[in-house]
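Accompanying notes for the structure given below.
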Amino acid sequence: NDSAHPRANNGCRPADDIVKTKNGNGCIFSHDHKGTNGDVLSWKQSNTTAPAGEPASTDPDTECGLWFFRPKWLQPLANKKAFLAVFCLTSVLQGMYYTYFVSVLTTIEKLYQIPSKTTGIIMSATEIGQIGGALLLTYYGGQGHRPKWIACGMVIFAVASILCATPHFIFMDDSIVATRAGANVSGMSRDHRQKLCHIADELLPPVARNYVDVTSDVHPVADALRTVSLCDSSDRSLNQNRITHVVLSVFFISLLFIGIGATAVYTLGIPYIDDNVATRESPLYFGITIGVRIFGPVFGFLLGSYCTSVYVNFPFETSNLSPGNPHWIGAWWLGVFIVGAALIVTAVPMMAFPRVLPHQRYVPRVSSYRVQPPLELHRNGGGCTKRPSQAVQQPLIPSQTPALPSPVSPTRKRRNEKPALRDFPSAIRRLLKNDILLYRTASSVLHILPIAGLYTFLPKYLESQFQQTETNANMIVGFAGILVMGVGIFASGTFMRKFKPNARFVAKWIALSALAYSIGMAILMWVGCPLGDYVGLNAHNKDATYMAASCNSSCECKTGLFSPVCHDRVTYLSPCLAGCAKASGPDEQPNFSDCHCMNANTTITNGFCSLECNNLIWYIIIFSSFVLIHSTSEVGSMLLTLRCVESNDKALALGLIQFAIGLFGNVPCPIIYGAVVDSACLFWEDNCGEPGACRVYDPAKFRMVFHGVTAVIMFIAFLVDAVVWYKASSIHIHEEEDAPAVVTSGAVPESESGV
């Protein structure tokens, strides 16, 4: 005890009894002293060991539980590993929702006849919520009880996600009008498939099944469509528009609150972890956090693959159509219930974590973006000087805790003080004066904009470019894109923990990875498949027609009708365009015959013609390689952001970045990329005289514009990263090795034992 480690004459503990802080700043004493940056240096009472024979004081801020329920058996769970596990599970569920919604976008567009540009605008509602809540939420939550703020955000997220599924139950029957009628044409019973071409107006815009008189013996589908057409009645046309408007409104409101809830999880959880681990452990913990979070998008695409293979009216109704049929509608609403329920359950343990973990041995780090002058502190008139060259690294063990008085901790006082709104503008101004933070913010925007846009419409791109089913496209994106990204993040976190690269190296790698990603997207502009031969596309397209003008003239085919059939590697957008009069075979894959536009006794099949193109495997290899390279910069990006600001500004700094990402990145991102996707459309399905969902894309234009826009934006990100690379020498990522530090502690730091 004291006899083993005598004090100096001035009352200060010898050098070998001092362990430094994470940030390399500040002695902690019982009286309020100011550090070089104005930080209050205090004796951390909650982390000291009480003298023998005296009961240890209980700090409610370090107790685990809910309200008055704080049993002793629950307290061992108040540690960084338990929080990391719950936080990672929360991040996985949150990531699942975003990619799940992306994976069912094609189904939603087809079901409610929504163009991609419109869905892009709706998707931006998430970012609007993020913008509205980012700054104030991180300002108040960052100085409050962060786990409870995170749990509240999770509940908001969960309720909003469940609300997103309500259109299915409100318009369960009406919403599948278009799909069922198309299915009636290509999947009706054999008695109803006769003379498809000879009946004028036979293939009018679709109607609901209950409008079709299936008992009629004379052309029942044609007769029903003549008398009950969706677009013949202005009331039904208005009803369809009403459904679409209500659905869009529900989606927008739901995604708005999802954005608010998601902001709390990310911007408050990362600083909470950073404040409770040693600096040398931060890269590994960030690698685990971000890497595990990547599994969320993977699971989201897998969940989307499963749900889109289940019929939309599950479990009350089944369909004879197969998921590969163009008229198939999957259970898009099922996944949001699964994710929402899981988030509500996970919010309970998150809320139980304390404001401060009791085993935290380090005071919050201050900014390392400066040169620290010698630290001179005085106690009881005695000088206690600590210079950078005299930094020591030995930890204090419990038996060596100095028997100093235990006044109320100033740190505890600051914890209990509520943040004042009047201080909010000054906090923002302080961050805006940090030039490195501003460049990092711009870099984050330019990185997320093209990646978010690419992944939002990547399943649709794979479906149209390589003729993949919606289920297969989601699987490819999940494994070849998202899972590979997780591998890169894990690897980079482990590398940084082991080799401890400096800030300039990290900034350089971030810049080079952006350049590599830009090059990769440029290469992918030339990896794809041709359009193939179509009949019925827009007249301005060079592939508009492959038939004589008179072969289907008697059919009076309606424009905008989509029910593709294939013959001799030529795809007709409907049996009517092929002049077909008969249908046979199973309902799932009917065969049409007696077609006027081809030789007699010729049978054609339902669906698109298959492409003889093997470029998908090359696309996956190239795409995955550059995704892997770019993902290795994620951990370094997080560390640079957290190390260039003061400790009490970390949450607000992340909030500022989230605000900028939402306003300048994620809000315009789906709108820009939605317009890019729509610009490549060749065939719009008719929705009562208005364009509905796009069914056929120009693969060459889609490929060039889709990847070209991504490459250009990522190259601009490289230029901004180069500026950060130039300025990064003033940042110390690993302060324990780079800067002086002193701190008192009541126990051996938990982080010394690793993860």
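Letter by letter, the sequence shown follows residues 1 to 755 of full-length UniProt numbering.
Note that CB positions come from ideal geometry on N, CA and C, so glycine has one too.
Given the structure is predicted, the values throughout are model-derived calculations rather than measurements.
Residue-level contact to chain B via CB, residue i, 9 angstroms cutoff
| i | result |
| --- | --- |
| A514 | Although the question refers to chain B, the structure presented lacks it and comprises just one protein chain. |
Residue i - containing beta strand (DSSP E), residue span
| i | result |
| --- | --- |
| H567 | 565 to 567 |
| A583 | 582 to 584 |
| T605 | 604 to 606 |
| Y534 | 533 to 535 |
Nearest-angstrom beta carbon gap, residue j and residue i [assumed within contact, 8 angstroms]
| i | j | result |
| --- | --- | --- |
| V265 | S513 | Not quite, the Cβ-Cβ distance comes to about 26 angstroms (not below 8 angstroms), so this is no contact. |
| A693 | K110 | 5 angstroms |
| N474 | S679 | That belief does not hold up - the Cβ atoms of N474 and S679 are roughly 24 angstroms apart, past 8 angstroms. |
| I131 | F251 | Not confirmed; about 18 angstroms, so no contact. |
Where residue i falls: helix, strand or coil (DSSP)
| i | result |
| --- | --- |
| N648 | helix |
| N472 | helix |
| K433 | coil |
| F171 | coil |
| V527 | coil |
| T571 | strand |
| L248 | helix |
| P271 | helix |
| H219 | Reliability of the predicted coordinates at H219 is poor, the pLDDT of 37 falling under 50, and no value is obtained from them. |
| V155 | helix |
| E612 | coil |
| G330 | strand |
| R355 | coil |
| S409 | With a pLDDT of only 46 at S409, under 50, the local geometry of the prediction cannot be trusted, and the value read off the model is given with reservation. Of the three classes helix, strand and coil, the one that applies to S409 here is coil, per DSSP. |
| K72 | helix |
| P691 | strand |
| H31 | Caution applies to H31, whose pLDDT of 41 falls short of 50 and renders its modelled position unreliable; the model cannot decide the point. |
| Q390 | Residue confidence is low: Q390 scores 40 on pLDDT, short of 50, so the model does not pin down where it sits. Its coordinate-derived value is still stated next. The answer is helix: DSSP assigns Q390 an H, G or I state. |
| K80 | helix |
| W684 | strand |
| L483 | helix |
| V696 | strand |
| F490 | helix |
| S161 | helix |
| L66 | strand |
| F466 | helix |
| F505 | helix |
| F495 | helix |
| F562 | coil |
| M350 | helix |
| F457 | helix |
| G335 | helix |
| K195 | Low confidence applies to K195: its pLDDT is 34, below 50, so where it sits in the model is not reliable, and the reading given next is rough at best. Coil. |
| F592 | strand |
| S233 | Residue placement at S233 is poorly supported in this model, since its pLDDT is 45, which falls under 50; the coordinates still yield a value, given next. If DSSP states are grouped into helix, strand and coil, S233 belongs with coil. |
Contact under 9 angstroms by Cβ, residue i with residue j
| i | j | result |
| --- | --- | --- |
| P283 | L640 | no |
| I436 | S730 | yes |
| V104 | P167 | no |
| L66 | A347 | no |
| Y517 | L682 | no |
| G133 | L255 | no |
| G287 | M496 | yes |
| M521 | A700 | no |
| P670 | G478 | no |
| L611 | P530 | yes |
| T469 | P358 | no |
| P459 | T126 | no |
| V724 | G453 | no |
| Y455 | I482 | yes |
| P450 | T62 | no |
| V312 | A331 | yes |
Extent of the continuous alpha helix (DSSP H) to which residue i belongs
| i | result |
| --- | --- |
| I671 | 668 to 679 |
| V292 | 282 to 307 |
| T318 | No alpha helix (DSSP H) contains T318, which DSSP labels as neither H nor E. |
| D721 | 699 to 727 |
| S633 | Run containing S633: none; DSSP gives neither H nor E here. |
| I108 | 105 to 112 |
| T118 | 116 to 123 |
On the three-pair Cβ rule with 8 angstroms, is the stretch 647 to 665 touching the stretch 556 to 565? no
Pairs of beta-carbons, one from the stretch 718 to 733 and one from the stretch 438 to 455, closer than 8 angstroms: are there three or more? yes
State whether the stretch 291 to 301 contacts the stretch 152 to 171, with contact taken as three or more CB pairs (one from each stretch) at a distance under 8 angstroms. no
Quick test of the definition: if touching needs 3 or more C-beta pairs under 8 angstroms, does the stretch 621 to 630 touch the stretch 569 to 583? no
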